[in-house]
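Chemist:
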Amino acid sequence: MAKKAQKPSKLDRNRPTSMPLLDVRDLTVEFATRRGTVTAVKNINLTLAKGETLGIVGESGSGKSVTSYAVMRILDRAGSIAEGSVVFSGLDLRTAPESDMRDLRGREMSMIFQSPRLALNPIRKVGHQIEDVLLQHAQVDSDAVSERAIEVLEQVRIARPRERYHAYPFELSGGMCQRVVIALALACRPQLLIADEPTTGLDVTTQKAVMDLVVELTRERGMSTILITHDLGLAAAYCDRVVVMEKGHIVETAQSSAIFKKPEHAYTRKLMRATPRPGVTLRDLLPEGESARPKAVAKTAEAKAPAKKVKGVETPLLVIEKLVKEYPRQGGAASLAKIFAPKPAVQPDMFRAVDGISFTIARGESVGLVGESGCGKSTTSMMVMRLIDKSDGLIMFDGEDIGAIPARSFARLPLRKRIQMVFQDPTDSLNPRFTAARAIADPLLQLGGIPRDEVRGRCEALATQVGLPLNLLDRFPHQMSGGQKARVGIARAIALNPDLIILDEPTAALDVSVQAVVLNLLQDLKDSLGMSYLFVSHDLNVVSMLCDRVIVMQTGKIVEQGPTEQVMVAPQASYTRDLLAAIPHPPL
Amino acid sequence: MNENISTTPVAAAAPKPENNSIFRHARYVVAENPVTGLAFGLFILIALCALIGPYIVPHDPLASDTTATLHAPSLKHWFGTDQLGRDIFSRVVVATRLDFIIAIASVALVFALGGFAGIASGFFGGWTDRIVGRISDTIMAFPLFVLAMGIVAALGNTVTNIVIATAVVNFPLYVRVARAEANIRREAGFVQAARLSGNGDMRILLAHILPNIMPIMMVQISLTMGYAILNAAGLSFIGLGVRPPTPEWGIMVAEGAANIISGEWWIALFPGAALMIAVFCFNLLGDGLRDLVDPQRRT
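Chains as they are written, first to last, in our numbering: chain P, 395 to 982; chain U, 388 to 686.
1. Quick check: the Cα distance between alanine 492 of chain U and isoleucine 782 of chain P, rounded to an integer number of angstroms?
2. Report the three-state DSSP secondary structure of valine 816 of chain P (helix, strand or coil).
3. Find out if the Cβ-Cβ distance for the pair glutamate 642 of chain U, aspartate 469 of chain U is shorter than 8 Å.
4. Quick check on serine 477 of chain U - is its C-beta less than 8 Å from some C-beta in chain P?
5. Between the alpha carbons of arginine 518 of chain P and proline 563 of chain P, how many angstroms are there, rounded?
6. With 8 Å set as the bound, which would you pick, yes or no: does the beta-carbon of glycine 501 of chain U sit closer than that to a beta-carbon of chain P?
7. At 9 Å on the CB atoms, spell out the chain U contacts of aspartate 822 of chain P, in chain order.
8. Anything in the region 823-843 of chain P with a Cβ closer than 7 Å to a Cβ of chain U? List those residues in chain order, please.
9. Within 10 Å of its beta-carbon, does arginine 471 of chain P have 16 or more other beta-carbons around it, so buried, or fewer, so exposed?
10. Could you check which residue in U:Ala528, U:Gly505 and U:His446 has the C-alpha nearest to that of arginine 517 of chain U?
11. So, using beta-carbon positions, are cysteine 582 of chain P and proline 510 of chain P closer together than 8 Å?
12. Could you tell me the alpha carbon to alpha carbon distance between arginine 806 of chain P and glutamate 794 of chain P, rounded to whole angstroms?
13. Can the beta-carbon of serine 523 of chain U be found less than 8 Å from the beta-carbon of glutamine 840 of chain P?
14. Who are the near neighbours of threonine 433 of chain P in its chain, counting only those whose CB is closer than 7 Å to its CB and skipping five residues on each side?
15. Excluding the five sequence neighbours on either side, which residues of its own chain have a C-beta within less than 7 Å of the C-beta of methionine 612 of chain U, listed in chain order?
16. If the cut is a Cβ gap below 7 Å, which residues of chain U does methionine 466 of chain P touch?
17. Fully enclosed by the region 896-976 of chain P, which beta strand (DSSP E) runs are 3 residues long or longer?
18. To the nearest angstrom, how far is it from the Cα of glutamine 549 of chain P to the Cα of phenylalanine 498 of chain U?
19. Compute the minimum distance between the beta carbon of arginine 810 of chain P and the heavy atoms of the ligand SAM, and state whether it is under 7 Å.
20. What does glycine 585 of chain U reach in chain P if we use C-beta pairs closer than 7 Å?
21. Could you spell out where the beta strand (DSSP E) holding aspartate 749 of chain P opens and where it closes?
22. For the structure I just gave you, are there three or more beta carbon pairs, one from the region 766-778 of chain P and one from the region 921-932 of chain P, closer than 8 Å?
23. Pull up the DSSP beta-bridge partners for histidine 643 of chain P, would you.
24. Suppose you measure from the CA of glycine 428 of chain U to the CA of alanine 661 of chain U; what does that come to, to the nearest Å?
25. For arginine 615 of chain P, tell me which candidate among P:Ala561, P:Leu712 and P:Leu580 has the shortest Cα-Cα distance.
26. In terms of alpha-carbon separation, which member of P:Tyr721, P:Met639 and P:Arg635 lies closest to isoleucine 653 of chain P?
27. Could you confirm whether any beta carbon from chain U is found closer than 8 Å to the beta carbon of aspartate 819 of chain P?
28. Does arginine 746 of chain P come within less than 8 Å of chain U when only Cβ atoms are used?
29. Within its chain, find whatever has a CB closer than 7 Å to the CB of glutamate 342 of chain P; leave out the 5 residues flanking it on each side and keep chain order.
30. With a CB to CB cut of under 7 Å and the five nearest residues on each side skipped, what residues in its chain are close to phenylalanine 804 of chain P?
31. Any C-beta of chain U within less than 8 Å: which residues of the region 759-789 of chain P qualify?
32. Would you identify the three-state DSSP class for lysine 458 of chain P, choosing helix, strand or coil?
33. Could you give the distance in angstroms between the alpha-carbon of methionine 639 of chain P and the alpha-carbon of serine 462 of chain P?
34. Looking at chain P, is there any beta carbon in it that lies within less than 8 Å of the beta carbon of tyrosine 415 of chain U?
35. Kindly list, in the order they appear in chain U, the residues whose Cβ is closer than 9 Å to that of methionine 815 of chain P.
36. Taking a contact to mean a Cβ-Cβ separation below 8 Å, would you say alanine 554 of chain U touches glycine 509 of chain U in this structure?
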């Protein structure tokens with residue numbers, strides 16, 4: 395049974411090309427859970443021609459990943475294909491024995507996973523990991539294998555492949571790791587490549603590089619590719635056809651050139667509307683008919699907005715001057731050298747995460763801080779937040795030098811009330827043991843100075859303000875959806891009526907339709923409460939919709955700042971132009 | 388059993404799942420692994436013996452009866468009598484309370500000290516971590532039972548000192564678990580958020596981090612309970628613990644050991660069996676609790 399490679403496989407590579415490479419008919423996947431059987435995917439029909447790129451788009455829970463797992467037959471123990479057939483190159487994958495599947499996976503069909511770092515073995519050199527795949531499928535002799543591995547690394551455009559062959563995954567950047575994963579997947583020249591959110595968690599410029607590479611290799615080798623993504627824009631920009639999934643069903647299949655022009659299904663339209671893109675306002679992101687702002691917010695708007703504006707005696711709320719954060723550079727070799735070399739280091743080896751940046755935020759203004767990972771934007775926001783201490787420079791908040799106060803003692807000061815933050819990951823930022831009400835009440839109890847018996851009432855008012863149903867207040871984080879958790883986080887941040895809120899990629903972990911709602915909520919709250927926002931993000935599209943001004947950071951320095959319009963339309967710095975160019979441009 | 392799993396949860400998935408979810412989950416764990424159910428049953432039995440044992444036993448555990456020495460198990464003396472004619476069944480049951488108290492007291496002590504030291508060292512890092520780490524390394528450098536013997540021998544032969552010795556010996560285990568769990572949560576978003584809400588370090592430690600690592604600590608508590616009982620009995624066995632004639636499993640095994648050779652096996656066997664069951668029960672309970680609290684199994 396175990397027919398080892400080299401021998402021609404059961405698959406006939408020279409079949410007429412008119413037949414699809416992959417034919418999925420009436421696929422239904424079920425999961426046995428404690429609460430009974432859950433149908434993750436129902437009656438899916440998919441075909442993929444040779445050399446075609448197909449995008450599967452949907453929000454979390456739509457069953458797009460499950461579909462691909464079913465094709466590869468790598469569903470976890472609880473999942474099973476209940477109905478339908480999966481025919482790959484004339485072979486029925488549903489009934490194929492496991493030994494055949496093992497042989498197919500990696501050689502005929504490969505997969506790229508979401509997190510490149512998790513997909514690589516952290517304690518093996520990347521070159522050896524590629525050799526494993528090559529040897530497993532007996533693609534080359536063992537004496538030629540290392541040369542072949544280097545060749546494969548070269549093909550995915552890794553610079554200096556001979557050196558990188560000896561690198562461990564942690565020595566490579568996220569984009570490099572994803573290239574290695576692609577190299578692994580393509581090492582045996584498969585006919586089908588499934589890419590499951592291959593660029594989530596990567597920067598836009600890296601995303602562009604990785605996607606360009608995938609598309610190029612696909613074309614070069616005549617492979618077929620399935621791209622699974624939540625980003626309709628990405629799918630439309632890189633795929634021939636797009637399949638839109640919702641709750642385990644396929645709601646629409648269309649040519650990607652057509653899907654943005656005339657989406658047929660209401661869900662596709664909703665997804666499309668919610669995708670941030672140039673030239674639209676925040677309100678445009680909401681589904682038709684929901685553009686009106688929530689009543690509760692509108693009411694408070696008239697009551698509160700003017701009150702705060704009066705305070706503003708045209709001094710900026712926040713002034714940052716020549717802010718610097720240095721970290722000691724850590725490295726095994728460096729510290730060893732320090733021990734063995736008796737002479738004192740002439741200059742302490744410091745790494746400047748933030749390198750002398752200056753900017754201001756006016757009252758009621760929202761400023762976007764944009765840059766790729768590692769550019770120092772998070773470090774900046776942590777310093778402004780007074781969670782970490784600065785190395786040098788000035789942080790003036792409302793005329794007070796808050797940079798001089800050590801982060802440790804800042805927590806108990808009354809000033810703490812006035813600077814709050816909405817975190818990136820709504821799940822991670824809520825204590826799993828606290829109910830929503832307890833989470834919102836925490837700042838009120840610690841700093842609010844509100845009598846205990848009034849706290850509940852205040853929580854309910856805040857929940858109403860952020861549009862959180864009151865019956866959810868007694869739920870724990872794991873009993874709420876991502877959007878609901880985001881609302882709890884926002885309610886907690888506005889609980890003390892702060893002057894400045896730092897939004898640290900508040901929508902990065904959310905689906906586009908939820909993102910649209912949350913962004914609109916943030917805009918409404920700003921209008922009604924008159925707060926200032928510092929919006930930290932890597933997504934220029936999102937930033938441009940919410941912010942008056944944009945600051946672009948690169949390697950610790952500000953390369954450009956100016957009004958949003960100007961930065962988006964006529965960027966000055968070449969880096970800003972690169973960032974703008976890297977945003978996927980769906981065919982419109 | 389299988390039918391239970393598939394039908395009851397569906398029926399119970401009412402609009403308000405949060406109220407009974409712990410019980411439902413417990414029922415699921417027990418149904419899936421009957422050994423855990425057995426362990427819970429044994430635990431209840433042991434707890435009952437400790438609570439009401441002294442009031443229900445048929446004989447006075449201290450009263451010697453020279454007319455009935457070394458009687459084999461019979462209807463009158465279920466587990467037989469020892470060389471002084473004391474009823475072994477009564478002594479075994481009454482001893483439960485003392486062994487239980489020693490175990491609970493020492494585990495509570497080590498949980499408070501080791502747990503706190505561990506959380507603090509994981510959360511603060513730096514010098515706190517170094518000092519706590521070296522203390523527990525020092526303790527780990529000794530064979531644990533020899534260390535316990537040394538402590539009791541040095542401090543004196545009392546129940547309090549047995550409790551202290553057992554706690555000291557378990558200290559590194561608690562420190563390590565608590566340290567690891569606190570360390571991974573140190574930079575968590577909810578800890579940062581707690582800082583923004585104006586919580587000081589101590590409040591974050593006790594009100595935010597501690598509740599999150601309690602489930603894992605509960606497992607640790609259950610696992611070390613068994614060890615604490617064994618340790619206490621071991622110290623008594625070699626004469627460094629509770630003194631005769633107090634009923635205690637370790638002493639009773641020691642007293643009976645000499646008689647096994649002459650055929651009176653019951654004197655050592657029954658307290659030994661009680662000891663074994665108790666340790667067994669706590670270890671199984673620990674495994675069961677781990678299933679109960681492990682989020683991996685909770686989906």
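For each residue, glycine too, the CB sits at the ideal point set by N, CA and C.
In this text the structure is predicted, and so the values were computed from the model without any measurement.
Modeler: Short version:
1. One C-alpha to the other measures close to 41 Å.
2. Looking at valine 816 of chain P - three-state DSSP - the assignment turns out to be strand.
3. Contact flag set, yes.
4. No, no contact with chain P.
5. For arginine 518 of chain P and proline 563 of chain P, the distance between alpha carbons rounds to 8 Å.
6. It does not: the Cβ of glycine 501 of chain U has no partner Cβ on chain P nearer than 8 Å.
7. The answer, in chain order, is Ala575, Gly576 and Phe577.
8. Per Cβ criterion, the list reads Ser823, Leu824, Asn825, Pro826, Arg827, Asp836, Pro837, Gln840 and Leu841.
9. Exposed.
10. Ranked by Cα distance from arginine 517 of chain U, the first of U:Ala528, U:Gly505 and U:His446 is U:Gly505.
11. No; because the gap between Cβ atoms is not below 8 Å, this pair is not in contact.
12. Rounded to whole angstroms, arginine 806 of chain P to glutamate 794 of chain P spans 16 Å at the Cα level.
13. Taking 8 Å as the Cβ cut-off, serine 523 of chain U and glutamine 840 of chain P do not qualify as a contacting pair.
14. In the same chain as threonine 433 of chain P, and ignoring 5 residues on each side of it, the C-beta atoms closer than 7 Å to its own belong to Thr422, Glu424 and Gly642, in chain order.
15. Here the set comprises Ala490, Val494 and Phe669.
16. Under a criterion of Cβ atoms nearer than 7 Å, no residue of chain U is adjacent to methionine 466 of chain P; the nearest Cβ is some 22 Å distant.
17. The DSSP assignment places 926-931, 943-948 and 951-957 as complete runs of the beta strand (DSSP E) inside the region 896-976 of chain P, in order along the chain (cut-off: 3 residues).
18. Their Cα atoms are separated by approximately 57 Å.
19. Although the ligand SAM was asked about, the structure shown includes no ligands whatsoever.
20. The contacting residues are Ala805, Arg806, Arg810, Pro837, Gln840 and Leu841.
21. For aspartate 749 of chain P, the enclosing beta strand (DSSP E) stretches over residues 744-755.
22. Yes, the region 766-778 of chain P touches the region 921-932 of chain P.
23. Looking at the DSSP output, histidine 643 of chain P shares a beta bridge with P:Glu640.
24. Taking the straight line joining both Cα atoms gives about 15 Å.
25. In terms of Cα proximity to arginine 615 of chain P, the closest of P:Ala561, P:Leu712 and P:Leu580 is P:Leu580.
26. Of the candidates P:Tyr721, P:Met639 and P:Arg635, P:Arg635 places its Cα closest to the Cα of isoleucine 653 of chain P.
27. Yes, its Cβ sits closer than 8 Å to a Cβ of chain U.
28. Against chain U, the CB of arginine 746 of chain P has no partner CB under 8 Å away; the residue lies outside that interface.
29. Not covered by the structure: residue 342 of chain P. The range shown for chain P is 395 to 982.
30. Correct list, in chain order: Arg780 and Arg810.
31. Of all residues in the region 759-789 of chain P, only Met779 and Leu781 place a beta-carbon less than 8 Å from a beta-carbon of chain U.
32. Looking at lysine 458 of chain P - three-state DSSP - the assignment turns out to be helix.
33. Distance from the CA of methionine 639 of chain P to the CA of serine 462 of chain P, rounded to the nearest whole angstrom, comes to 13 Å.
34. Chain P, which has a Cβ nearer than 8 Å to the Cβ of tyrosine 415 of chain U, makes this yes.
35. Within chain U, the residues near methionine 815 of chain P are Gln579, Ala580 and Leu583.
36. Judged by their CB atoms, alanine 554 of chain U and glycine 509 of chain U are not nearer to each other than the 8 Å cut-off.
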